[in-house]
Every structure is written in C-alpha cells, then in structure tokens.
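A.B. asks: Below is a structure I'd like to ask you about.
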Amino acid sequence: MLPTLGQALVDCKIEHEGSEKIIKFLDMPGQLKLRYTWMKTIIKPNGLIYMIDLSAPERFEEARDEFFKFAEKHFDENAQDPIPQDTYMQVFLNKIDLVDDFKTKLPNLKKDILKMFKFDKYWKNFEIIPISTKTGEGIDVSIKKFIPKLLSL
Ligand SMILES: Nc1nc2c(ncn2[C@@H]2O[C@H](COP(=O)(O)OP(=O)(O)O)[C@@H](O)[C@H]2O)c(=O)[nH]1
Ligand SMILES: [Mg+2]
C-alpha cells in the first residue's frame with residue numbers, strides 16, 4: 014500500500030436494500046509536506062474519518078496538533094469551509110497489526126487518546142475504531158457503522 018500523494022478521490026459502490034449507492038472518499042495525504050492540501054478542495058463532507066497511526070505513539074502529539082488545526086479551521090459555522098457540528102466522524106486507530114497485544118492495551122489506549130485529542134470538544138458524533146488498512150481488520154466494523162449514518166442524511 015502506497016502513501017497518498019496529493020488528494021485521492023475514490024468511489025466506493027455499495028449495495029443497500031437492492032439499490033446501488035456510491036460513497037465518495039476524499040483521501041488526504043498524511044505526509045508533513047503534503048498536509049497543506051487538507052480541505053483545499055471546497056466540499057462539505059457528509060462524514061469524516063481521522064486516522065491515527067497507533068504504532069507511533071511518539072507522534073500522537075503531532076497527530077493531535079494537526080487535528081486541532083483542522084478542527085479550529087472547519088468546526089466553527091462562520092469558518093470559510095464549515096463542517097456542520099453534527100457531522101459523523103470515525104477516528105481510526107490504524108496499524109493495529111503492528112501493536113503487540115493490542116486488544117489488552119485497547120481500553121487504556123482509547124481513554125488516553127480521547128483525553129489527548131478531545132474529539133468530544135468538536136464533532137461530538139464520533140466513534141473510535143481500531144483497524145488495520147493492511148490486514149483489513151476493523152474495516153467491516155467501520156463500514157457497517159458509516160453506511161446507516163450516510164443513508165440517514
Ligand atoms: N503494517 C501496516 N502498515 C500500514 C497500515 N496502513 C498503512 N501502512 C503503511 O504505512 C505507510 C504510510 O501509509 P499511510 O499511513 O496510508 O500514509 P499516508 O497516505 O501518507 O497518510 C505505507 O507504507 C503503508 O503501507 C497498516 O494498517 N498496517
Ligand atoms: Mg493514505
């Protein structure tokens with residue numbers, strides 16, 4: 014799997030109760046030198062996913078500061094590109110395949126990350142989901158929770 018270079022728009026086709034739906038994912042690059050592109054495109058997303066690399070705790074502070082920067086820029090309804098405050102958000106704790114015994118560590122990790130990132134100060138309608146984009150673990154959980162939120166809009 015290659016790092017995202019620039020913004021990648023990916024269409025995902027799903028079947029729901031006999032009809033076909035398309036979810037458009039706008040994937041933003043995580044690399045420092047490309048982060049300036051975040052939300053350069055003027056869009057109002059129906060949902061948000063914020064991905065944290067669980068295998069790099071030494072970079073949690075950096076990930077938190079980037080989240081705060083993003084949130085401060087888009088949370089306020091008077092912002093240039095506001096993202097409505099009731100927008101559903103998933104926080105991915107990614108790369109669980111690289112964390113030894115992650116299931117035992119998960120409750121404390123979730124608590125620590127919540128305290129640090131203060132997601133509940135911004136988009137309050139959020140869930141924290143452990144995943145591995147490499148092995149695919151957790152992706153089904155994410156999609157199952159996301160679809161009803163999108164369909165209810
Ligand atoms: N082991 C493991 N590696 C991952 C996972 N997700 C991404 N990677 C690797 O991490 C590197 C950076 O990818 P990613 O975090 O998606 O970068 P970004 O697109 O720049 O944000 C790539 O080499 C990926 O193969 C994961 O869940 N597990
Ligand atoms: Mg990527």
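Residue numbers for the sequence shown follow the working numbering, so the first one is 14 and each next one is one higher.
Heads up, the beta-carbon is just placed ideally off N, CA and C, and yes, glycines get one too.
Since this is a predicted model, take the numbers as computed values, not measurements.
1. Tell me the residue span of the alpha helix (DSSP H) that contains V154.
2. In three-state DSSP terms, what is K86?
3. Evaluate the contact criterion for the region 78-86 versus the region 106-121: three or more CB pairs, one atom per stretch, below 8 angstroms.
4. Tell me which residues share the same chain as N59 and place their Cβ nearer than 6 angstroms to its Cβ, disregarding the 5 neighbours each side in the sequence.
5. Roughly how many whole angstroms lie between the Cα atoms of I62 and G31?
6. Scan the region 74-126 and note each continuous beta strand (DSSP E) run of 3 residues or more that stays entirely inside, going in chain order.
7. Given a cut-off of 7 angstroms, decide if L47 and L22 are closer than it, judged by their beta-carbon atoms.
8. If you measure between the beta carbons of K124 and I141, is that distance less than 7 angstroms?
C.D. replies: Short version:
1. 152-164
2. helix
3. no
4. L163, L166
5. 27 angstroms
6. 101-107
7. no
8. no
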